[in-house]
Every structure is written in structure tokens, then in C-alpha cells.
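Chains Z and D are the protein sequences, given in the same order. If you read the first sequence in the working numbering, its first letter stands for residue 40, the second for the next number, and so on. If you read the second sequence in the working numbering, its first letter stands for residue 40, the second for the next number, and so on. Notes follow the structure.
Protein chains: 2
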Amino acid sequence: MLMKFRKDLMCIMNSFVYEIPTKIYFGENELNGNLKTEIQKYGNNVLLLYGGGSIKKIGLYQKIINELESNNDIKVFEYAGIEPNPRHTAINEAVKICKTNNIDVILAVGGGSVIDSSKLISIGNYYNGDSWDFVIGKTKPEKALPIITVLTLSATGSEMNGTAVISNMETHQKKGVKSPLIVPKVSFLDPTLTYTVNKYQTACGSADILSHILETYFSRNTGLSMLDRVMEGLMKTVIKYAKIAYIEPNNYEARANLMWASSWAINGFVRIDRQPNIWVCHMLEHQLSAFYDITHGLGLAILTPKYMRYALNESNVDRYYEFGINVFDIDKNLPKSEVARKSIECLEKFLYEDLELTNDLKSLNINDEHFEEMADRICKNGTIEGFIDLNKEDIVNIFNECI
Amino acid sequence: MLMKFRKDLMCIMNSFVYEIPTKIYFGENELNGNLKTEIQKYGNNVLLLYGGGSIKKIGLYQKIINELESNNDIKVFEYAGIEPNPRHTAINEAVKICKTNNIDVILAVGGGSVIDSSKLISIGNYYNGDSWDFVIGKTKPEKALPIITVLTLSATGSEMNGTAVISNMETHQKKGVKSPLIVPKVSFLDPTLTYTVNKYQTACGSADILSHILETYFSRNTGLSMLDRVMEGLMKTVIKYAKIAYIEPNNYEARANLMWASSWAINGFVRIDRQPNIWVCHMLEHQLSAFYDITHGLGLAILTPKYMRYALNESNVDRYYEFGINVFDIDKNLPKSEVARKSIECLEKFLYEDLELTNDLKSLNINDEHFEEMADRICKNGTIEGFIDLNKEDIVNIFNECI
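Right, dumping it as C-alpha cells:
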């Protein structure tokens, strides 16, 4: 076991267990024939879960129904209307449908909100009580229905991991549940299904993907540098292709690279050896979404550069330097602190100019009214040991940088 | 589906199915407690398979026996003596032991030769006949014993994929078998077990890892560029840490990075979307090993730069250019052809100076006696559609460049 202390940064070579069992069908029309085969491995009673009407508009709903109805044994039950920042109340309703109809497998068709919801439904099916109990830790997942997903938005990576993030709008809480039980068995990744994702959602989704990598890359615990190199490759990919997809929505190459990168940004591979890996921007963003119901990726896009600038110091400048030269190709002969500053500017250019995302909370009509309360909820009177130590004052400061 | 023809190079966005189910325990002493638990998921009768005495010298054999004997239900049967370039005859003997003792699970402890052998034994257990029949395609794998591995050499990546390469010294044949049935269920990757790997084997193993990535990186079919970026990251990792491990055999960080990179170089992830992906240097090396029983990694180290220089032309110079600037940090402002030449020189410096590997076949007492026959066996009167088209004359030319 090698341990090296470098002021703030800690290099620990952690041991780990790697297991990512999700089977992926990647490409156009891979659904055909394969969807029903995969579903029938788990049973015939399917809960088809989706969000608004977009899957009907793009013909995906009908395609899936046709595929499933071509087999007489399969019975489809539906729950539609899952919202962004999905609510535990909707999940409770869907659980009822599962229990009433002896559902064998959940087919989640959509983006992260729909897939995250399917995860809570899958464990809710074996629990008598409010699904929110899983989120607050009142009960633990013990059994889950198998989940199959058809992804329509490259962003959260939920299609290949065991995390679900759920919101409770009554209590202003947005929190995650993690369990290997809720990792999807099979996910269908068809880049052409994201052609109709609009510019704004493409930008927010890309910001989300990039944030997942940045939160791991800029973390207190480093590990195998092989994974840093992989993360840099993924970040270059997201930055290159988000810009293309933003301008050419039907560019297969761009949509495909974004889609596969979104899964690998957060399926566990790149962060497996750097635990604990505290995602500071996500903690802050979850407060914003819980209070103001804003788009997750947009919140991250606003927060991340401000946080990175706030966190930069002499002892961690090396990390920014590597980021700058390896991801943005900044001249490696410049002073490290200059490369660091430039790297944040490059990130801002990408988010706010190339992807035209809002760079402050004011334009979303968010002021500092709840910042103290949000910071309290994050810190709980203590210190967050993220990439740097952060207390309540720091958190409020970062929020204030955003308005 | 996007298709772009660029003279020799073909960019096809293939569809693919991704499924890499091997569970990995990574780190020092992860065996403890976990090995017997994983074994008992499959049964109690274990075939312990290993090579020469090295696992006894480093105390690993005794550690495993102690771990397994701490459970009274587990019965261990042994087959030792698997050689490098493993022989089908040894495999047939081990299959007999499996059949006689109702083996439930194979525990392969060693490097690629031992693990590859375990794969053929696992399918041989369900076949009445010579295991070589699988290699020549006379029969196909239909069922396999589960395999668990403990890796002691970072090189072939066999611990996380479904390929086995076996030699028949009577017929001078070295060929592969592929099947999802023979992917190990669980592999234990403890970098400290490679501390005793000597300089020469460390160098050959690293050359092998690098070759696996190069064979995919320099291929006719390109695909998601995300995977090119990942490959570049893996190559930088291998080059950096092979040099460190070569000088400091007990450097955990170096051994750990090499070990995890070896698995990811060839577990299918980076090449999944670029099929067919013909590995030309491996085809040539398999002939060398089959005729002269040389170390696989050394054969690849000798062949690869000669092949790369032979294959370079105006239409594929872009690939060498990307390799040069992204892996060896060569000045991107130089003419592409110069970057290409320099990239091959950097590779040669790494293999022949840093790792002190032999750079020609003459020093191994190999002359051109069998080159024609070897080329015939590769080409079978046709053309190999690798990164470039190669006919018999080309293959003989490349072999001749090596003496």
C-alpha cells in the first residue's frame, strides 16, 4: 500500500472491487428483436415507464409497443409522466401498478429522470411503505425488479450504474440511493434517438457528463493515473462532440461519442479507486434543484467554474495544470498557475460561449435568500472534505459567486 | 449509419453489444476471505492450475492452499507445469483430472499461459476428444466450467476476456479460441504478486500490453474517437510505468497501473466498435512462436516497429500523426510525415533502449529459413486486410526487416 501525502491532496492506492454487469446494445435499431428477447429473460409482465410525450413524438413509443406486441406472451402496463427531478410521489404510484399487476421487469424509456425513477420503483416493489424511505435511509434495498432501459438523452449515465437521484418537493430535498441491486441489466443506446434533443438539453446534458468526470478528476483522493488519462480522453471527447451536436443535431458520430462517454463518465470505472470521492458541485446543485427545480446540468454548468476557481490554491495547482495541458492543450511551458487559470477560462468558454449556457443564477431569478439554509443542509455544522475543505462560509461564498 | 471512405482507412460507426461480466478484486491481499467465497459460488471441487514453481517461491501457492483449506468443504486437485506458449497435450491431461474428479471450478494461478490453458480445459471438460479440436474449429464450445484466476503477470489480459491462445508444437501451430463461455467469472489482480517478475519478463509483458492497444489503434476500421483517446491514455500509462517497473520492481504504483492497463488493453472495451480488427503483428508473431517457441511479447516487440514503418503511407499518415502527438507528445507543428517517423523512433527507443529488448531475430538465432512457409500460413494465397493490405511478399518483407 503506497501512501503519499501532498498537503491537501492524498494519493492512496486503494483496493477495489470492479463489477459492471450491464449489457449494452449500442447503435441504431438494436432494439429490433433484441428488446423482447432480453425482456423475456426476466418475465412477461412489463412496466413501461416514460416521461412526457417526447417518445411518442419521435415514434419510439410505437416502435417499442410494436416490438413487444409481436410476442403474444408479453403484457405491457404503463406509467407515464415522470418529470425532470423526479418526485417520490410519482414513484409511489408506479409501485402500486407493479404490485397490482405482478410486474416482472421494468422497461424505462427516457433520460436520467425516468431511469432513476425505475430504480426506486424496482426496490419499492418489495417494500411496504413510502419509497422516500429508501432515500432517507429509513430502509435499505434488499431485492429489486430487473430493469431494462432505452436511453433517449446522453447525460446522467444512469443507464449503466446503481445510483438514483430523487426529489421531494415538499421538503426541498434531492438525494441519491445507491445499490448494486438497481444497476440496469440491459441498456439500449441508440444515438439516433438523441437527434431530437434540443440545443438547450444537449448543452445541459453535455455539461452534466463533463461534470461527472470533473468531480472525480478534481478530488482529494487520487489513484491509478491510468484513470486520469482515461478521464482526460473522455473530457476531450465530450468537449469536441458537444460542440458538434449542438450545431448539427443529426450528426451520428457526435451523438454516438457523447452517448458512450456519458455512460463511462459515471459507471464507476474511472472513480473506482479514489474513494471517498465527494462530488461537491453535485451537492451544491442538488440544493439548487431541490429549492428551485432547475435543470441539473445547467446548475452544474453555473457552479463548476466558480467552484474550481474558488478551490484553486498552491498545493493543488498541479491538478489544474494537468487538466489544462491534457484536456485543453494549453502550452505546458507556461507557469502552472497561469495554465490553471487558463484551464478554467477554457471551461467557461466551452460552457457559456460554445454551448451558450447561462453563467449565473440571477438570470434564473435565484437570489441569495436560501443560500444560508442550503449551505447548512450541505455542511451540517461540519466541514466537507472535497477536493478542498469547505465549511458553511465557503459554500455560501461559492453560491454567491454564481449570482 | 455514418460511412466515410478515406482511401485505405474506413470509418464505419459499427453497432455493437458490450458485455464484460468479469468481477475483479484489485489490490493487495484481496484474496483473503474472498477467494473461497467466490469459489464456493460454483462448487467445492477445485482444479488448481499453475505453471512452474514460481508461485511456490513467492509464497502464493501456500497462501492459496491455506485460504482454501480453511474451508473443510473445498477439495483441491492440482495440475502443475503449464509452459509458456501452452501445449494442447498438457491441456488434455488436465481435462482428464477434471473429468475423473468432478471438478466444479478451475482456479488458474499464473500469467496468460496458465489462464489461457484453463479456458481450453473448461470447455474440454464437456467434450470427448482432443482439446486441439476446438482450436482448429473441428468442434465448438458449448458449455464450460467456471474459471477464477489469480494473475501473476501483467501482459496478455486473459484474466478479463474470452480468448485463449494455444500451441501445438508438432504441427508448428499457435492459434486462438474465442467464446463468451470462457471469460473468467472472477479475477484477482494483486499488483504485489508481480514484484518478482524479472526485468526481461516485465519488458516482454509491457511490450505485449502495448501491442494489444497498437493493433487496435492502427486498424483499418476506425470508430468512436472516444476510444482512440482512451487507447492513447492507456498507451501513455504503459510507457510511463513499464520504465518505472523495469527499474523499481517493487513500485506499487507502477505495477498497479500496468496490471489494470493490461486488462483494459484487451478486454474488448477499446476495440468493440471497430470490427473486423485484424491483428497483423500477432499473426506474424504466432508464426514465430509456433516455429521457434520464443516469448510472445519479445516477438511483438521485434515485429511492431518494423511493421509500422512498412505500413506507413500517405493515406494513413494521419493515424501515426495522432499517435505521435497524443502518446509521445511530439511537436504537433511538424510535418505529419515527420511526426509519423518520429513516433516509430520513440516506440523503438521505448522497446529497445528503455526496456532493453532485442530488436532483431538474428540474436535469437532465427534466420529466413521458414519465412516463406510462415507467410504462406498467414496469407493462404490471399491478402490480409489489416491496417494495410498485405500479401505473401509483404509478410516476407516484414519478417526480413526483422533479421
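Built from N, CA and C at the ideal position, the CB exists for glycine as well. Fair warning: this is a prediction, and the values are worked out from it, not measured in the lab.
From this set, the options, which residue's C-alpha is nearest residue i's C-alpha?
i, options, result
"Y89(D)", "I113(D), N73(D) and E122(D)", "E122(D)"
"K96(Z)", "T235(Z), N111(Z), R268(Z) and F65(Z)", "T235(Z)"
"S264(Z)", "K275(D), Y100(D) and L266(D)", "K275(D)"
"D143(D)", "K224(D), I175(D) and L337(D)", "K224(D)"
"I59(Z)", "S226(Z), E440(Z) and T128(Z)", "S226(Z)"
"K282(Z)", "F55(Z), Y346(Z), T255(Z) and L249(Z)", "L249(Z)"
"I305(D)", "N420(D), N436(D) and K217(D)", "K217(D)"
"E271(D)", "K80(D), G307(D), S93(D) and D368(D)", "D368(D)"
"T139(Z)", "F116(Z), T128(Z), H127(Z) and G120(Z)", "F116(Z)"
"E181(D)", "N420(D), E198(D), Y64(D) and I221(D)", "I221(D)"
"L99(D)", "E77(D), L70(D) and T76(D)", "L70(D)"
"T210(Z)", "S328(Z), G168(Z) and F257(Z)", "S328(Z)"
"A414(D)", "S402(D), E424(D), K401(D) and N430(D)", "N430(D)"
"D172(Z)", "W299(Z), K375(Z), I130(Z) and S197(Z)", "I130(Z)"
"L390(Z)", "E377(Z), Y285(Z) and G120(Z)", "Y285(Z)"
"I417(D)", "L273(D), K213(D), I341(D) and R259(D)", "K213(D)"
"H409(Z)", "E432(Z), Y57(Z) and F330(Z)", "F330(Z)"
Quick check on residue i: does DSSP put it in helix, strand or coil?
i, result
"N260(Z)", "strand"
"E117(Z)", "strand"
"T76(Z)", "helix"
"M42(D)", "Any reading at M42(D) must be qualified, since the residue scores a pLDDT of 39, below 50, and its modelled position is unreliable; no value is offered."
"S301(Z)", "helix"
"Q101(D)", "helix"
"Q314(Z)", "coil"
"T334(Z)", "coil"
"E271(D)", "helix"
"G149(Z)", "strand"
"S161(D)", "helix"
"I248(Z)", "helix"
Could you tell me whether any Cβ in chain Z is nearer than 8 Å to the Cβ of residue i?
i, result
"P60(D)", "yes"
"R380(D)", "no"
"W171(D)", "no"
"L159(D)", "no"
"N237(D)", "no"
"R268(D)", "yes"
"A147(D)", "no"
Which residues in the same chain have their Cβ closer than 7 Å to the Cβ of residue i, if we skip the five residues on either side of it in sequence?
i, result
"P125(Z)", "S152, D155, S156, I205 and S206"
"V134(D)", "I160, G163, N164 and S170"
"G215(Z)", "T202, A203 and V204"
"G336(D)", "A194, C243, G244, A246 and D247"
"G338(Z)", "E324, L327 and S328"
"S382(D)", "Y359, F362, G363, F367 and I369"
"A379(D)", "L351, V356, Y359, Y360 and G363"
So, for residue i: in the same chain, excluding its five sequence neighbours on each side, which residues have a beta-carbon less than 8 Å away from its beta-carbon?
i, result
"I145(Z)", "V85, L86, L88, C137, S157, I160, S161, L184, P185, I186 and I187"
"E254(D)", "N316, W318, V319, C320 and H321"
"E292(Z)", "Y280 and I283"
"M132(Z)", "Correcting the residue identity first, residue 132(Z) is Glu in this sequence and not Met. Here the set comprises Y118."
"K102(Z)", "L70"
Within the 8 Å Cβ cut-off, does residue i reach chain D?
i, result
"T397(Z)", "no"
"I63(Z)", "yes"
"A340(Z)", "no"
"S54(Z)", "yes"
"E361(Z)", "no"
"E292(Z)", "yes"
"Y256(Z)", "no"
"T233(Z)", "no"
"K275(Z)", "yes"
"V134(Z)", "no"
"S264(Z)", "yes"
"G90(Z)", "no"
"A295(Z)", "yes"
Compute the minimum distance between the beta carbon of residue i and the heavy atoms of the ligand SAM, and state whether it is under 7 Å.
i, result
"A329(D)", "The ligand SAM is not part of this structure, which contains no ligands at all."
Suppose the cutoff is 6 Å on Cβ atoms and the five residues either side in sequence are ignored; what does the same chain contact list for residue i look like?
i, result
"R24(D)", "This structure cannot settle anything about residue 24(D), because the visible part of chain D is limited to 40 through 442."
"G168(Z)", "none"
"C385(Z)", "F367"
For chain A, is any of its Cβ atoms less than 8 Å away from the one on residue i?
i, result
"G244(D)", "Chain labels in this structure do not include chain A; the protein chains are Z and D."
Fill in: Given 8 Å, three or more beta-carbon pairs between the region 140-151 of chain D and the region 182-200 of chain D
In short, these stretches touch, since the Cβ pair count reaches three.
Item to complete: Spell out a yes or no on whether the region 360-375 of chain D and the region 225-240 of chain D are touching, meaning 3 or more CB-CB pairs, one atom from each, closer than 8 Å.
Response: Three or more Cβ pairs closer than 8 Å define a contact, and the region 360-375 of chain D falls short of that threshold against the region 225-240 of chain D.
Item to complete: Count the CB pairs spanning the region 98-114 of chain D and the region 72-83 of chain D that are closer than 8 Å, and state whether there are at least three.
Response: Below 8 Å, enough C-beta pairs join the region 98-114 of chain D and the region 72-83 of chain D to call them touching: three or more.
Worksheet item: Contact between the region 422-438 of chain D and the region 341-349 of chain D: three or more CB pairs below 8 Å?
Response: Flag = yes, the region 422-438 of chain D and the region 341-349 of chain D touch.
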